[in-house]
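To start, the structure under review is shown below, and the notes come after it.
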Amino acid sequence: DTGVSQDPRHKITKRGQNVTFRCDPISEHNRLYWYRQTLGQGPEFLTYFQNEAQLEKSRLLSDRFSAERPKGSFSTLEIQRTEQGDSAMYLCASSLGPGHLQETQYFGPGTRLLVL
Amino acid sequence: GEDVEQSLFLSVREGDSSVINCTYTDSSSTYLYWYKQEPGAGLQLLTYIFSNMDMKQDQRLTVLLNKKDKHLSLRIADTQTGDSAIYFCAENGGSQGNLIFGKGTKLSVKP
Numbered sequence: 001d002t003g004v005s006q007d008p009r010h011k012i013t014k015r016g017q018n019v020t021f022r023c024d025p026i027s028e029h030n031r032l033y034w035y036r037q038t039l040g041q042g043p044e045f046l047t048y049f050q051n052e053a054q055l056e057k058s059r060l061l062s063d064r065f066s067a068e069r070p071k072g073s074f075s076t077l078e079i080q081r082t083e084q085g086d087s088a089m090y091l092c093a094s095s096l097g098p099g100h101l102q103e104t105q106y107f108g109p110g111t112r113l114l115v116l
Numbered sequence: 117g118e119d120v121e122q123s124l125f126l127s128v129r130e131g132d133s134s135v136i137n138c139t140y141t142d143s144s145s146t147y148l149y150w151y152k153q154e155p156g157a158g159l160q161l162l163t164y165i166f167s168n169m170d171m172k173q174d175q176r177l178t179v180l181l182n183k184k185d186k187h188l189s190l191r192i193a194d195t196q197t198g199d200s201a202i203y204f205c206a207e208n209g210g211s212q213g214n215l216i217f218g219k220g221t222k223l224s225v226k227p
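Protein chains in written order, with our numbering: chain D, 1 to 116; chain V, 117 to 227.
Next up, the structure:
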């Protein structure tokens, strides 16, 4: 039984570079969420997919951020022109879908980004 | 607006019980969750409670929910050094079912 996986686990980049992260949800999970967690804080919601449709974006998701889930399976999160303030842990979670226990979200190990 | 609050630190001795408290604001949440995060790792789902329940017990974990006061607690019986981690309370009050998290309570277990 594989859980949510994320790649890479760590990324160090220079300011101004673009980075892309990948998330593979638990198979058959229709919903996929991206969160960002900075030091000493809880995760904050960035965006959410129902199958391949991106249904909501947080105000935290600036124009430099884009997310896709082309076939309703894995998802990518790209940050263009990275800034030092983008340094954080990026967490992906998946759930079966709406309705009672199906809403429970399972998290991946995260991708830790450091922008120098 | 939506907000979840937790105390930031808790220190207990091995073998004692730990109680981590949380308050939330969104009364429309249907589920409340407890997640555990170890250093450098993602979030591990510990347990959850449906909003029409008062209590849920799962092995060493007991969750109490006071919906009137919007207060949630997690009790860990016979706390072990392996329980040292950050514990997050979360509600699914987001408009699309996204979770709203507290800042986390760092539990330190002393031998």
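Using N, Cα and C, we set each Cβ at its ideal position, and we do this for glycine too.
- Contact annotation for V/Gly209 against chain D: no contact, minimum CB-CB distance about 11 Å [criterion: below 8 Å].
- Distance between V/Pro227 and D/Arg59, taken at the CA atoms: about 44 Å.
- The C-beta distance from D/Gln6 to D/Gly108 rounds to 4 Å, short enough to meet the 8 Å contact threshold.
- V/Phe125 is not a Cβ neighbour of D/Gly42, given a cutoff of 8 Å.
- The secondary-structure analysis by DSSP pairs V/Asp174 across a beta bridge with V/Leu177.
- Shown here, D/Glu52 sits in coil according to DSSP, grouped into three states, outside any helix or strand.
- Going by DSSP, V/Phe125 is part of the beta strand (DSSP E) stretching over 125 to 129.
- When the five nearest sequence neighbours on each side are left out, the beta carbons in the same chain lying within less than 6 Å of the beta carbon of V/Lys172 are those of Ile165, Val179, in order along the chain.
- Spanning the alpha carbons of D/Leu113 and V/Tyr147 requires a straight line of approximately 31 Å.
- Pairing V/Thr221 with V/Ser123 gives a Cβ-Cβ distance under 8 Å.
- For a Cβ distance threshold of 8 Å, nothing in chain D lies close to V/Ala193: the least Cβ distance comes to about 23 Å.
- Per DSSP, V/Ile165 is one residue of the beta strand (DSSP E) stretching across 159 to 166.
- Three or more beta-carbon pairs separated by less than 8 Å link the segment 75 to 85 of chain D to the segment 11 to 21 of chain D, which places the two stretches in contact.
- Under the DSSP assignment, V/Asn137 falls in the beta strand (DSSP E) whose first and last residues are 134 to 140.
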